[in-house]
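Asker: Numbering (our numbering), first residue to last: 1166 to 1580.
Quick one: the structure is below, questions incoming.
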Amino acid sequence: MTLRKHAPLQPLDEALEKLLGFASPLQQVEEIDTMHADGRVLAQDVVSELHVPPHDNSAMDGYAVRCADVPHSGVQLPVSQRLAAGVAAKALESGSAARIFTGGVVPPGADAVVMQEECAALSDGAAQDARVQINAVPQAGQHIRRAGEDVTRNQVVLAAGTRLGPAEIGLAASIGLDRLHVLRRPRVALFSTGDELVMPGTVAPRDMRPGAIYNSNRYFLSALLRRLGCEVTDYGIVPDLRDATIEALRSASLAHDAILTSGGVSVGEEDHIKPAVQALGTLDLWQIAIKPGKPFAYGSIGACHFLGLPGNPVSSFVTFLLLVRPFLLRLQGARDVVMRSIAARADFAWPKPDRRREFLRVRRNANGGLDLFANQSSGVLTSAVWADGLLDNPPGCAIAPGDTVRFVAFAELLS
Ligand code: AMP
Ligand code: MG
1166 MTLRKHAPLQ PLDEALEKLL GFASPLQQVE EIDTMHADGR VLAQDVVSEL
1216 HVPPHDNSAM DGYAVRCADV PHSGVQLPVS QRLAAGVAAK ALESGSAARI
1266 FTGGVVPPGA DAVVMQEECA ALSDGAAQDA RVQINAVPQA GQHIRRAGED
1316 VTRNQVVLAA GTRLGPAEIG LAASIGLDRL HVLRRPRVAL FSTGDELVMP
1366 GTVAPRDMRP GAIYNSNRYF LSALLRRLGC EVTDYGIVPD LRDATIEALR
1416 SASLAHDAIL TSGGVSVGEE DHIKPAVQAL GTLDLWQIAI KPGKPFAYGS
1466 IGACHFLGLP GNPVSSFVTF LLLVRPFLLR LQGARDVVMR SIAARADFAW
1516 PKPDRRREFL RVRRNANGGL DLFANQSSGV LTSAVWADGL LDNPPGCAIA
1566 PGDTVRFVAF AELLS
């Protein structure tokens, strides 16, 4: 492959489609505890064997009645049974009421629950709560939660390819599943490149040599990978030697599903990762029409994917979210991998847009609008800390205050 200095820029959507085309889902399936399934992706549909709730039950503390027995307010009825949650109900004798509590099974024959605030319990000689006066006229069906209103028997409640979160795990438990089948976690090797890089902890800030910077990408990329459920092997900074780089990549490729690197993918740069990947497998360098984050590399070494991110921290962060995240989710079998944006109002001006599609670091304000971080440079990581999302701005699109723009929340991209 020859690298052209002025290769045409690829639109992000095209690059993503191409990249996802390489992400065949991992084949191995694991059965794991539902309790520990947060973040994992279902390998098969989850089907319910029962209705949820299993029986009609009361939404209130009160009395279950037949509406026909309460044609007007003030009717008095004997209390024929007491139904706490979990107690089996007998059919409701006509002309009587059943004391019932939230979650209690509605007795056959009853067609409404009157909440206790609209009833007066009457004692009948020695027997407490033997009769009740109903001080309201019930509507048929009121305060009854119907059997199957959440889930019906044989319903697919979670489809294969669903990424499980707390709500999904709760739903699986509600149909009695303590084990789930998920795809295995991707194994990812993480490398940093760059002779200027220093690992935090190895040199104190006051002792840093001129031109040296700390390796920040390693930290956030590792965190991003773990949040996506990956098992990460951290190779730190690859020594700046051709043979050492080839050897590190070769051995990583044997035991990992993907290798992720940062730095050294700009066109024309002298570095060892590119020739090393080319020596071992194939490398395709893409120039993507986004800002930040133009350079991006995809390749493969045997069965191992290679993903190369730019070195600038914000470029690295953003390209990870836009390209690597969907790739790694798809590798785990996830169906929905494309980010969702929502309409939002810009409360700032952006008069000089780039010709590339921009992802501006912005933050929602209390008035429902978006504020812009003042410094949008791709080296300024404080922008990503300050922001709570990205404004997805089309190529060449100037923004005036009050304009409707597209916003992608970090909450969506970082989970
Ligand atoms: P590169 O993509 O290698 O040309 O790097 C672009 C810029 O990002 C340079 O200023 C690098 O010093 C910086 N950079 C590269 N890798 C890292 C890293 N791991 N952590 C922090 N900054 C980096
Ligand atoms: Mg570099």
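Beta carbons: idealized from backbone N, C-alpha and C, even for Gly.
Given the structure is predicted, the values throughout are model-derived calculations rather than measurements.
CB of residue 1545 to nearest heavy atom of the ligand AMP: below 8 Å?
Answerer: Outside the cutoff, so no.
Asker: Relative to the alpha-carbon of residue 1259, which residue among 1245, 1400, 1298 has its alpha-carbon at the smallest distance?
Answerer: Closest option to residue 1259, Cα to Cα, is 1245.
Asker: On the CB-based measure, 16 or more other CB atoms within 10 Å of its CB, does residue 1469 come out buried or exposed?
Answerer: Result: buried.
Asker: Looking at C-alpha atoms only, which residue of 1310, 1462, 1257, 1219 is the closest neighbour of residue 1453?
Answerer: Residue 1453 has its Cα closest to that of 1462, out of 1310, 1462, 1257, 1219.
Asker: Which complete beta strand (DSSP E) runs does the stretch 1397 to 1470 hold, if anything under 3 residues is left out?
Answerer: Qualifying beta strand (DSSP E) stretches, in chain order: 1423 to 1427, 1447 to 1452, 1460 to 1466.
Asker: When DSSP labels each residue in this structure, what does residue 1297 get in the three-state scheme?
Answerer: Looking at residue 1297 - three-state DSSP - the assignment turns out to be strand.
Asker: What span of residues does the beta strand (DSSP E) with residue 1534 cover, start to end?
Answerer: Counting along the chain, the beta strand (DSSP E) containing residue 1534 begins and ends at 1534 to 1537.
Asker: Residue range of the alpha helix (DSSP H) that residue 1481 falls in?
Answerer: Segment 1478 to 1484, the alpha helix (DSSP H) holding residue 1481.
Asker: Under the three-state reduction of DSSP, which class applies to residue 1364: helix, strand or coil?
Answerer: Three-state DSSP puts residue 1364 in coil, outside helix and strand.
Asker: Select from 1302, 1306, 1296 the residue whose C-alpha is nearest the C-alpha of residue 1276.
Answerer: Selected option, being the one with the closest Cα: 1306.
Asker: According to DSSP, is residue 1285 part of a helix, a strand, or is it coil?
Answerer: Three-state DSSP puts residue 1285 in a strand.
Asker: Using 9 Å as the limit for Cβ to Cβ distance, is residue 1401 near chain D?
Answerer: In summary, chain D is missing from the structure at hand, where a single protein chain is found.
Asker: Could you check whether the Cβ of residue 1436 sits closer than 8 Å to any heavy atom belonging to the ligand MG?
Answerer: Checking the Cβ of residue 1436 against the ligand MG gives yes.
Asker: Would you please state the rounded distance, in angstroms, between the beta carbons of residue 1354 and residue 1417? I believe it to be under 8 Å.
Answerer: Between residue 1417 and residue 1354 the Cβ distance is about 4 Å, and since that is below 8 Å, they are a contact.
Asker: With a cut-off of 8 Å on the beta carbons, I'd call residue 1318 and residue 1216 a contact; round off their distance for me.
Answerer: With 8 Å as the limit, residue 1318 and residue 1216 qualify as a contact, their Cβ atoms being about 5 Å apart.
Asker: Give every residue whose Cβ lies closer than 5 Å to any heavy atom of the ligand MG, listed in chain order.
Answerer: Cβ-based neighbours of the ligand MG within the cut-off: 1359, 1428, 1429, 1476.
Asker: Any chance the CB of residue 1318 is under 8 Å from a heavy atom of the ligand AMP?
Answerer: Flag unset: Cβ of residue 1318 not near the ligand AMP.
Asker: Under the assumption that residue 1455 contacts residue 1522 (Cβ atoms under 8 Å), give the Cβ distance between them as a whole number of angstroms.
Answerer: Going by Cβ atoms, the distance from residue 1455 to residue 1522 rounds to 5 Å, so yes, they are a contact pair.
Asker: Would the beta-carbon of residue 1179 be found less than 8 Å away from any heavy atom of the ligand AMP?
Answerer: Not so, every heavy atom of the ligand AMP lies at least 8 Å from the Cβ.
Asker: So, under 8 Å CB-CB, residue 1250 and residue 1274 are touching, yes? Tell me the CB distance rounded to an integer number of Å.
Answerer: Actually they do not touch by this definition, with Cβ atoms about 19 Å apart.
Asker: How big is the Cα-Cα spacing for residue 1257 and residue 1494?
Answerer: Residue 1257 and residue 1494: Cα-Cα distance of roughly 53 Å.
Asker: What does a CB cutoff of less than 6 Å around residue 1356 pick up in its chain, not counting 5 residues either side in sequence?
Answerer: The residues are 1400, 1403, 1426.
Asker: Do residue 1496 and residue 1303 come within 9 Å of each other at the CB atom, strictly closer than that value?
Answerer: Not in contact: residue 1303 and residue 1496 (Cβ atoms no closer than 9 Å).
Asker: What is the rounded straight-line gap between the Cα of residue 1365 and the Cα of residue 1420?
Answerer: Approximately 27 Å between the Cα atoms of the pair.
Asker: Quick one: which unbroken alpha helix (DSSP H) runs of 4-plus residues sit fully inside the stretch 1322 to 1356? Chain order, please.
Answerer: Counting whole runs of 4 or more residues, the stretch 1322 to 1356 contains the alpha helix (DSSP H) stretches 1331 to 1339.
Asker: Excluding sequence positions up to five away, which residues of its chain have a Cβ less than 8 Å from the Cβ of residue 1344?
Answerer: Answer for residue 1344: 1196, 1197, 1198, 1199, listed in chain order.
Asker: Tell me which same chain residues have a C-beta within less than 8 Å of the C-beta of residue 1280, skipping the five on either side of it?
Answerer: Excluding sequence neighbours, residue 1280 sits near 1225, 1226, 1227, 1308.
Asker: Evaluate residue 1566 with the Cβ neighbour count: other Cβ atoms within 10 Å of its Cβ, from every protein chain shown; 16 or more gives buried, anything less gives exposed.
Answerer: Flag for residue 1566 reads exposed.
Asker: For the ligand AMP, I want to know if residue 1532 counts as a neighbour, meaning its beta carbon is within less than 8 Å of at least one of the ligand's heavy atoms.
Answerer: It does not: the Cβ of residue 1532 is nowhere closer than 8 Å to a heavy atom of the ligand AMP.
Asker: Rounding to the nearest angstrom, what Cα-Cα distance links residue 1582 and residue 1466 in this structure?
Answerer: The requested residue 1582 is not part of the displayed model; the chain covers only 1166 to 1580.
Asker: Is residue 1383 near the ligand AMP, going by C-beta to nearest heavy atom under 8 Å?
Answerer: Because some heavy atom of the ligand AMP lies under 8 Å away, the Cβ of residue 1383 counts as near it: yes.
Asker: Please classify residue 1542: is it buried, with 16 or more other beta-carbons within 10 angstroms of its beta-carbon, or exposed?
Answerer: Exposed, because fewer than 16 other Cβ atoms sit within 10 Å of the Cβ of residue 1542.
Asker: Let's see if you can read the secondary structure: which residues bound the beta strand (DSSP E) around residue 1248?
Answerer: Here the beta strand (DSSP E) through residue 1248 covers 1240 to 1248.
Asker: Between residue 1362 and the ligand AMP, is there a pair consisting of the residue's CB and a ligand heavy atom that are separated by less than 8 Å?
Answerer: Residue 1362: yes, Cβ under 8 Å from the ligand AMP.
Asker: On the premise that residue 1430 lies in contact with residue 1414, defined as a C-beta separation below 8 Å, what is that separation, rounded to the nearest angstrom?
Answerer: 14 Å between Cβ atoms; not a contact.
Asker: Nearest by alpha-carbon distance to residue 1561: which of 1488, 1340, 1515, 1487 is it?
Answerer: The option with the nearest alpha carbon to residue 1561 is 1515.
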